[in-house]
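> Take this structure, written in structure tokens, and hold onto it; I'll ask about it next.
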Amino acid sequence: MDLEAHILSIVSRSRGGLTAESVAIAYAKDMEGEIRSILDKLARDGLVNKNRGADQATYHKLVATRRVETR
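Just so we're on the same page, my numbering is the position in the sequence shown counted from 1, plus 4.
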């Protein structure tokens, strides 16, 4: 689904008016599964590290960080 169609789908699901921010949040929620699979692939390829967050706000969530090359 292209971005325009996806946005139209989000707006049509709403019962009221939506701000650009709320549409962006809904889009991110819709894309979460795809984003997780991409992060899994990047971690398998060694391009990112996947860890639990270090602080209380992120401990139970996936935190991806760019892998730094050490030579």
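We put the beta carbon where it would ideally sit given N, CA and C, even for glycine.
Look up ARG19 in the DSSP assignment and say whether it is helix, strand or coil.
Within the sequence shown, the letter at position 15 stands for residue 19. ARG19 falls in the coil class under three-state DSSP.
> Compare the beta carbon distance of VAL27 and ILE14 with 8 angstroms and say whether it is the shorter of the two.
To locate residue 27, count along the sequence shown from 1; it is residue 23. To locate residue 14, count along the sequence shown from 1; it is residue 10. Cβ distance < 8 angstroms, so VAL27 and ILE14 count as in contact.
> In three-state terms, what does DSSP make of ARG48?
Here residue 48 corresponds to residue number 44 of the sequence shown, with the count starting at 1. Helix at ARG48.
> Grab me the residues of HIS10's own chain with a C-beta within less than 8 angstroms of its C-beta, minus the 5 sequence neighbours each way, in chain order.
If you number the sequence shown from 1, residue 10 lands on position 6. If we look at HIS10 and ignore the five residues flanking it on each side, its Cβ neighbours are TYR31, ASP34.
> How many angstroms separate the CA atom of ALA47 from the CA atom of ASN53?
Start at 1 with the first residue of the sequence shown, and residue 47 comes out as number 43. Start at 1 with the first residue of the sequence shown, and residue 53 comes out as number 49. Spanning the two alpha carbons is a distance of roughly 6 angstroms.
> Got a sec? Which residues, its chain only, sit under 6 angstroms from THR69 by beta carbon, not counting five neighbours each side?
Translated into the one-based positions of the sequence shown, residue 69 becomes position 65. The answer, listed in chain order, is ASN53.
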